[in-house]
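S.K.:
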Amino acid sequence: MERYYQPEIETMPVEQIRAVQSEKLVKQVKHAYEHVAYYRSKMDEAGVSPEDIRGTEDLYKLPFLSKEDLRIAYPTGMLAVPMSECVRIQSTSGTTGRRVIAFYTQEDIKLWEECCARALTAAGATKEDVVQVSYGYGLFTGGAGLNGGSHLIGSLTLPMSSGNTDRQIQFMMDLGSTVLCCTPSYAAYIGETLKEQGYKPEDIPLKAGIFGAEPWTEEMRQSIEETLGIKAYDIYGLTEISGPGVSFECSEQGGMHINEDHFLAEIINPITGEVLPEGEKGELVFTCLDKAAFPLLRYRTRDICQLFRTKCSCGRTFIRMKKPMGRSDDMMIIRGVNVFPSQIEAVLLKEGYSANYQIVVDRVNNTDTFDVFVEFLPEHFEDTVRDIANKERKLQEAIRNMVGISPKVHLSEPKTITRSEGKAVRVIDRRKLHD
Ligand code: ADP
Ligand code: ZN
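Given below as structure tokens:
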């Protein structure tokens, strides 16, 4: 039944993982060098030839690739096989700029779907489950990836896509969905709507959720788990490297195992590019070991993260990555202080508010303004103006303790902040418009 638990791969001793990676790396570098003119000239410029790469120990010699490279090479400049060998494209969400296109051969799709099947399996899904895929379908990788993974396991798959929340709930109830796949912000929204419709956690057939595609805090995990009565698992991926399933959480729910037979991970200092030892925080970099159509080597994700290879109770030996709490480009610098949206989210949930919030940054008279909009809870309806002002002050104080600077907090009525059906937009930075 658990066809996509592959212990012979997922529990390999570390030396064996290294050997598999080394062998694949040597081949992959040759493949990219021979078929991608853009990467060949990058390697030539760096003075490295495929013969210099004899194993993972030589990885550091290769030049990095960045999103900027993919934009320059858009649309087909990174393609390593004839277009006729490709069966699909997907595209990034364009969260941080122009969209990037990734190509897949039939085999690339198969390996990606297997990664998603491993993730579903690790969250307990089997053939008996009903998997509701409420990630967006289309160019976005979320829907397609989990859909494929769910099929491989043989689960009944509901290709809902995102949006139309009432229909999501109707199908969930009528068909008894046991696993929900969507962004954490959409899971919170579905949970909120279920609650409003009078459903209690025990009325909801779900047992697990696989949530990713955006950063989310432990506090948010707890709140979703309570509302839906499930275990909520994290899943990570990016279009350039394939899509969701690059890494996934297991029953321990303590970081995500990277599918190391396909993806080789490094952490670097984002400023100097120096490779950092295991455990240190820095920018996550991936090398695709198997992908034929779009074989990215040392691709800089801009996700800030940590890797660790401690023993895991699930038995998997694949290295784990901590929840990425934001990208280097999510980080706001407000009055000279570094602030991540996830820090604000953690405070709001800890203080008992919902994850419906928005941060607005602007510059007035050469000074940064920092406003946090958050909804008060239905039970605060009876509050006086003074009560509300006190609550705002208390939140302001708590955020200042967390990030070091004080925002202006605005409590507003429930439902005034737009709900997310895909990736939530947490920050509106108006300063960029003036620059
Ligand atoms: P875009 O870069 O346009 O958002 P993608 O849709 O491919 O394109 O999104 C990939 C990015 O989404 C990752 O680089 C990462 O920043 C974020 N992401 C994906 N999964 C997670 C997760 N589980 N936790 C935090 N961030 C995530
Ligand atoms: Zn594990």
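Position one of the sequence shown corresponds to residue -8 (my numbering), numbered consecutively onward. By construction, the Cβ of each residue, glycine as well, lies at the ideal position given by its N, Cα and C atoms. Being a predicted model, the structure only gives us computed values, none of them experimental.
1) Measure the alpha-carbon distance for Thr407 versus Glu366 and round it to whole angstroms.
2) Look up Arg79 in the DSSP assignment and give the residues it is bridged to.
3) In or out: Glu193 buried (at least 16 other Cβ within 10 Å) or exposed?
4) Mapping the DSSP letters down to three states, classify Pro150 as helix, strand or coil.
5) Taking the straight line between their C-alpha atoms, what separation do you get for Val400 and Ser345?
6) Taking the DSSP output, what are the residues bridged to Asp420?
7) What whole-angstrom Cβ distance do Phe285 and Met69 have, given they're in contact under 8 angstroms?
8) Just mark Pro315 as buried or exposed, buried being the case when its beta carbon has 16 or more other beta carbons within 10 Å.
9) Taking Cβ to Cβ, would you say Val5 is nearer than 8 angstroms to Thr308?
10) Which residue wins for smallest C-alpha separation from Gly317, given the options Arg311, Asn329, Gly306?
11) Can you look up Pro54 in the DSSP assignment and give me helix, strand or coil?
12) Are the beta-carbon atoms of Ile226 and Ala110 separated by less than 8 angstroms?
13) Using the three-state DSSP reduction, which class does Asp320 fall into: helix, strand or coil?
14) Enumerate, from N- to C-terminal direction, the unbroken alpha helix (DSSP H) stretches of 4 or more residues contained entirely within the region 142 to 201.
15) Rounded to whole angstroms, how far is the Cβ of Asp353 from the Cβ of Pro398, which I believe are closer than 8 angstroms?
16) Taking only heavy atoms of the ligand ADP into account, decide whether any of them is closer than 7 angstroms to the Cβ of Phe285.
17) Compare the C-alpha of Glu342 against each of Leu386, Lys313, Arg212, Ile325 and name the closest.
M.R.: Short version:
1) Annotation: Thr407 to Glu366 spans about 7 angstroms, alpha carbon to alpha carbon.
2) Tyr95
3) exposed
4) Note: Pro150 maps to strand in three-state DSSP.
5) 14 angstroms
6) Val352
7) 6 angstroms
8) By the neighbour-count rule (16 or more Cβ atoms within 10 Å), Pro315 is buried.
9) yes
10) Asn329
11) coil
12) yes
13) coil
14) Here the runs fully enclosed are 156 to 166, 175 to 187.
15) At roughly 12 angstroms, the Cβ-Cβ gap does not stay under 8 angstroms, so Asp353 and Pro398 are not in contact.
16) no
17) Leu386 is the residue among Leu386, Lys313, Arg212, Ile325 whose C-alpha sits nearest the C-alpha of Glu342.
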